[in-house]
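Visitor:
Number of protein chains: 2
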Amino acid sequence: MAFQMKDRRHTDPPLAADCCPGALARVSCRSCALNTLCLPARLSPQEARIFDGVVERGRQLASGGSLIRAGTRMDALYVVRSGSAKRYSVSLNGTERVHGFVLPGETAGLEGFACDRYACEVAALEPTSYCRIPLTRLEPLLDHLPGLRREMLRLLGEALDESLRLRAELGMCDARGRVARFLADLSRRLELRGLSPTQFRLSMSRGDIARHLGLTLETVSRALGTFKRSGWLEVRARYITLLRPEALASMGGYAA
Amino acid sequence: MAFQMKDRRHTDPPLAADCCPGALARVSCRSCALNTLCLPARLSPQEARIFDGVVERGRQLASGGSLIRAGTRMDALYVVRSGSAKRYSVSLNGTERVHGFVLPGETAGLEGFACDRYACEVAALEPTSYCRIPLTRLEPLLDHLPGLRREMLRLLGEALDESLRLRAELGMCDARGRVARFLADLSRRLELRGLSPTQFRLSMSRGDIARHLGLTLETVSRALGTFKRSGWLEVRARYITLLRPEALASMGGYAA
DNA sequence: ATCTGCACTTGACACGGATCAAAGATCATG
DNA sequence: CATGATCTTTGATCCGTGTCAAGTGCAGAT
Chain F
1 MAFQMKDRRH TDPPLAADCC PGALARVSCR SCALNTLCLP ARLSPQEARI
51 FDGVVERGRQ LASGGSLIRA GTRMDALYVV RSGSAKRYSV SLNGTERVHG
101 FVLPGETAGL EGFACDRYAC EVAALEPTSY CRIPLTRLEP LLDHLPGLRR
151 EMLRLLGEAL DESLRLRAEL GMCDARGRVA RFLADLSRRL ELRGLSPTQF
201 RLSMSRGDIA RHLGLTLETV SRALGTFKRS GWLEVRARYI TLLRPEALAS
251 MGGYAA
Chain W
257 MAFQMKDRRH TDPPLAADCC PGALARVSCR SCALNTLCLP ARLSPQEARI
307 FDGVVERGRQ LASGGSLIRA GTRMDALYVV RSGSAKRYSV SLNGTERVHG
357 FVLPGETAGL EGFACDRYAC EVAALEPTSY CRIPLTRLEP LLDHLPGLRR
407 EMLRLLGEAL DESLRLRAEL GMCDARGRVA RFLADLSRRL ELRGLSPTQF
457 RLSMSRGDIA RHLGLTLETV SRALGTFKRS GWLEVRARYI TLLRPEALAS
507 MGGYAA
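As you go down the protein sequences, you meet chains F and W in turn.
According to my numbering, the first sequence is numbered sequentially starting from 1.
According to my numbering, the second sequence is numbered sequentially starting from 257.
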């Protein structure tokens, strides 16, 4: 459970969604802590109930564990329930590019619709639990649940939009602007999940952030150092405290 | 009709799809020159026939004309039939970011599924004709045509995948590599459409290419100059002749 | 408690591409 | 065909970021 500020290290309090690990496999979407964010959030009650029946819950992954392997046949969608993961791809020469980070309630594997194979690796950045939605069970549902169909299109559209927006925004600001944008975006997403938008732990390394933003890890480190000296935030290892979020947000510039 | 080498200027020979402008509005997808590339290409004959009925054909746009306005309500998908267009967005400070170029048979407006509004501007780069597929007619079809449903998911997945891949590839090569990749990609797509992969006219300006690749127009111009001096291609204004496509392709590196 | 490895920070330097500036080519117009 | 507007090329300079190289601090292992 990253993304939660802790006074003492190594005593991560559990997130709501997995406070009772034994019950995980039995719980329904309706009683899940993420039900306002997750895939079934916009379905009608009846649709949500039917959808509920096809979700495989309670799967766990250790830090570094692989959720999706690039190139394998697409057979399911995955929704992170607690913890976090990174989506990335590895080029022929071995360099890694991080496409994004998957937070609780977010879906991975969507790009597999392109050619029935996953294009990205997805790996846990910390102990992570997730739900699996097998396509063989999802597909038939699309016949009779127009809401679910719309939701699938919406999810894909959103992923596309986010990817375009990311490219646009990163493309036109310098290194510090990119890091600022990254922090502001993360802060916003954590707040959506009921976590503190100003105090959190980064589950990803500086290198991951760098490979996500198209920078080097040294440059990311320097950007954080600059923000720290400016009094905009505090950094201690992966623990971040935002002191002047507005400053970061304005610098990262959610430019439409 | 750009993307076709001409000996004399201003005498653009028409593409197959619109050789008889008067007949445009009546023609069906089956008899369209793009039918192996376009949206209905993977539908069963019956499905394709039904889909045919909802397509509004024969729409025309002058160079610079607007196909989609960002922020307006999403009410249709658009498929370019002849000519070409650019997808772009304009930030608050007025800077423009080009997300990509739409070639005949390619679909624009997909990102609108995210929130029922288009996120990108799409504008013709030359006299362009296109088909419009209204959502009000498309939606009901999804109930009964599983092939069309799959095709929609595939289209969105492909757009997502392409966006991710673009970011990954551009992110890790220098200016010349990006321009090389751009040319190699364009060449490939032109060949798919039965046009010459080695001789073509760029319908977009150097500035458009630059804003697409995250460079300045001067840098794009210099990259082309370098390739020219290396004997890899010939450039005369917007007319390109690739002399050593392999060199460009290897430089652009379709790195998986 | 000390060692070892890993992630991160900090510094020095070089280089690619942005920026500014100006000239040259091409296209649209009358 | 001449003219002005726009697009493109080319040159000079500067800055930001990548690269290389130490050095620091924390965490788990011995």
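Every residue, glycine too, gets a C-beta built ideally from N, C-alpha and C.
Relative to the C-alpha of residue 297/W, which residue among 416/W, 426/W, 341/W, 361/W is closest?
Guide: 361/W
Visitor: Between the alpha carbons of residue 332/W and residue 33/F, how many angstroms are there, rounded?
Guide: For residue 332/W and residue 33/F, the distance between alpha carbons rounds to 36 angstroms.
Visitor: Which residue marks the beginning of the alpha helix (DSSP H) containing residue 360/W, and which one marks its end?
Guide: Element bounds for residue 360/W: n/a, residue is neither H nor E.
Visitor: Where do the ends of the beta strand (DSSP E) carrying residue 379/W lie?
Guide: 377 to 380
Visitor: Helix, strand or coil: how does DSSP classify residue 110/F here?
Guide: Looking at residue 110/F - three-state DSSP - the assignment turns out to be helix.
Visitor: Verify the CB distance criterion: does residue 214/F have a CB-CB separation below 8 angstroms to chain W?
Guide: Between residue 214/F and chain W, the shortest Cβ-Cβ separation is below 8 angstroms.
Visitor: Using a Cβ cut-off of 8 angstroms, pull out every chain W residue sitting near residue 120/F, in sequence order please.
Guide: 420
Visitor: Helix, strand or coil: how does DSSP classify residue 205/F here?
Guide: coil
Visitor: Using the beta-carbon of each residue, which ones in chain W are nearer than 9 angstroms to residue 126/F?
Guide: Ordered by position in chain W, no residue passes the 9 angstroms Cβ test against residue 126/F, which lies about 23 angstroms from the chain.
Visitor: Strictly by DSSP, which residues pair up with residue 497/W?
Guide: 455/W, 490/W
Visitor: Assuming contact is defined by CB atoms lying nearer than 8 angstroms, are residue 80/F and residue 118/F in contact in what I supplied?
Guide: Not closer than 8 angstroms, so no.
Visitor: Where does residue 145/F sit, in a helix, a strand or coil, going by DSSP?
Guide: If DSSP states are grouped into helix, strand and coil, residue 145/F belongs with coil.
Visitor: Compare the C-beta of residue 463/W against all C-beta atoms of chain F and say whether one is closer than 8 angstroms.
Guide: no
Visitor: How many angstroms separate the CA atom of residue 147/F from the CA atom of residue 443/W?
Guide: 40 angstroms
Visitor: Does the distance from the C-beta atom of residue 434/W to that of residue 426/W stay below 8 angstroms?
Guide: yes
Visitor: Would you mind reading off the limits of the alpha helix (DSSP H) that contains residue 70/F?
Guide: It is not in any alpha helix (DSSP H) - residue 70/F carries neither H nor E in the DSSP assignment.
Visitor: Which partner residues of residue 86/F appear in the DSSP bridge assignment?
Guide: 101/F, 123/F
Visitor: To the nearest angstrom, how far is the alpha carbon of residue 472/W from that of residue 70/F?
Guide: Straight-line spacing of the CA atoms in residue 472/W and residue 70/F works out to 33 angstroms.
Visitor: In the DSSP assignment, what are the bridge partners of residue 61/F?
Guide: Per DSSP, 128/F.
Visitor: Please report the distance separating the alpha-carbon of residue 330/W from that of residue 505/W.
Guide: 37 angstroms
Visitor: Is it buried or exposed, residue 63/F, if we count other Cβ atoms within 10 angstroms and call 16 or more buried?
Guide: exposed
Visitor: Assuming residue 121/F contacts residue 90/F (C-beta within less than 8 angstroms), just tell me the rounded distance between them.
Guide: 7 angstroms
Visitor: Excluding the 5 residues flanking residue 503/W on each side, which residues of the same chain have their C-beta closer than 6 angstroms to its C-beta?
Guide: 488
Visitor: When we look at the beta-carbon of residue 237/F and count the other beta-carbons within 10 Å, is it buried (16 or more) or exposed?
Guide: exposed
Visitor: According to DSSP, what are the bridge partners of residue 333/W?
Guide: 389/W
Visitor: What's the gap between the Cα of residue 486/W and the Cα of residue 496/W?
Guide: 14 angstroms
Visitor: Looking only at its own chain, which residues have a Cβ that is under 6 angstroms from the Cβ of residue 301/W, when we skip the five neighbours before and after it?
Guide: none
Visitor: When DSSP labels each residue in this structure, what does residue 433/W get in the three-state scheme?
Guide: helix
Visitor: Can residue 324/W and residue 364/W be called in contact, C-beta distance under 8 angstroms?
Guide: yes
Visitor: Mind pulling the chain F residues with CB within less than 8 angstroms of residue 399/W?
Guide: Contact of residue 399/W with chain F by beta-carbon distance below 8 angstroms involves 143, 146.
Visitor: Report all residues from its chain with a CB closer than 6 angstroms to the CB of residue 23/F; omit the five preceding and five following residues, and keep chain order.
Guide: A caution first: residue 23/F carries a pLDDT of 45, below 50, which makes its placement in the model unreliable, though a value can still be read off. Cβ neighbours of residue 23/F beyond the five flanking positions: none.
Visitor: In the DSSP assignment, find the unbroken alpha helix (DSSP H) run with residue 52/F in it and report its ends.
Guide: 45 to 52
Visitor: CB-CB under 6 angstroms to residue 372/W, same chain, minus the five flanking residues each way: which ones, in chain order?
Guide: 330
Visitor: Can you pull the chain W neighbours of residue 107/F, defined as C-beta to C-beta under 8 angstroms?
Guide: Under the 8 angstroms cutoff, chain W gives no residues; its nearest Cβ is about 12 angstroms from residue 107/F.
Visitor: Tell me whether the beta-carbon of residue 128/F lies closer than 8 angstroms to the beta-carbon of residue 82/F.
Guide: yes
Visitor: Just to make sure I have the definition right: I need the residues of chain F whose C-beta is within less than 8 angstroms of the C-beta of residue 413/W. Which are they?
Guide: For residue 413/W, the residues of chain F that pass the 8 angstroms Cβ criterion are 110, 111, 112, 113, 114, 115, 156, in the order they occur in the chain.
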